[in-house]
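K.L.:
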Ligand SMILES: [Zn+2]
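Okay, here's the thing in structure tokens:
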């Protein structure tokens, strides 16, 4: 919207320039007419008389045309200015909406920051008791998978990370909780939904 307003401002500037050009043309034409009128006082024959009158007529037409173009440009400026003032009002509305959303977002971030800090501490505590090889695999997974989740529940017979189906035997192995089972499609660590705390 800001771009649109500045584009329209540019168009208005172009119209202003064209008005100035036409005004300069009118001044030139008037000067020429004055010159021809002076020359008319000293004509020697009919041919010169006709020729000078034709020139004067032509310059008068040029003036009329320039005046018409000036009028059109002024009308365009008025309508463009209307568009701009409408756009400016809308822009102000949007900007105030945007500021409201921004402050909402900031308060959400502030809220989740507390959760994030707590989870970070829990994670650091858990790291100390997890086998290093397993922990490294987990961290690698977190960095590689698209949604950043390395441990996902089995949900409706499917991997909660890639949504490919998990065979019944594998689901039984997961439920037995004897060893770490990974998804054969995405490699994420699968847990049963009771551990994950979801249904
Ligand atoms: Zn998967």
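In this note's numbering, the protein residues as written are 5 to 203.
Here a beta-carbon is modelled for each residue, glycine too, at the ideal position from N, C-alpha and C.
The structure displayed is predicted, hence computed values, not measured ones.
1. Distance, Cα to Cα, residue 183 vs residue 193?
2. Out of 73, 42, 156, 51, state which residue places its alpha-carbon closest to the alpha-carbon of residue 19.
3. Report the residue from 48, 146, 95 whose alpha carbon sits nearest the alpha carbon of residue 165.
4. Which of helix, strand or coil does DSSP assign to residue 153?
5. Confirm the yes/no value for this check: CB of residue 165, any heavy atom of ligand 1, distance under 8 Å.
6. What number of angstroms, rounded off, separates the C-alpha of residue 6 from the C-alpha of residue 83?
7. Please tell me whether, using a cut-off of 8 Å, the distance from the CB of residue 174 to the nearest non-hydrogen atom of ligand 1 is below it.
8. Would the beta-carbon of residue 152 be found less than 8 Å away from any heavy atom of ligand 1?
9. According to DSSP, is residue 134 helix, strand or coil?
10. Would you kindly work out how many angstroms separate the C-alpha atoms of residue 40 and residue 16, rounded to a whole number?
11. In angstroms with no decimal places, state the Cα-to-Cα distance between residue 57 and residue 95.
12. Could you compute how far the alpha carbon of residue 102 sits from the alpha carbon of residue 186?
13. How many angstroms separate the CA atom of residue 70 from the CA atom of residue 12?
14. Could you check whether residue 199 and residue 174 sit closer than 9 Å to each other, using their CB atoms as the reference points?
15. When you compare each of 112, 143, 160 to residue 152 by their alpha carbons, which one comes out closest?
16. Check the DSSP bridge columns for residue 194 and list the partner residues they point to.
17. Taking the alpha-carbon positions, what's the residue 132 to residue 138 distance?
P.N.:
Let me spell this out:
1. 10 Å
2. 73
3. 146
4. coil
5. yes
6. 18 Å
7. no
8. no
9. coil
10. 36 Å
11. 56 Å
12. 44 Å
13. 23 Å
14. no
15. 143
16. 156, 185
17. 12 Å
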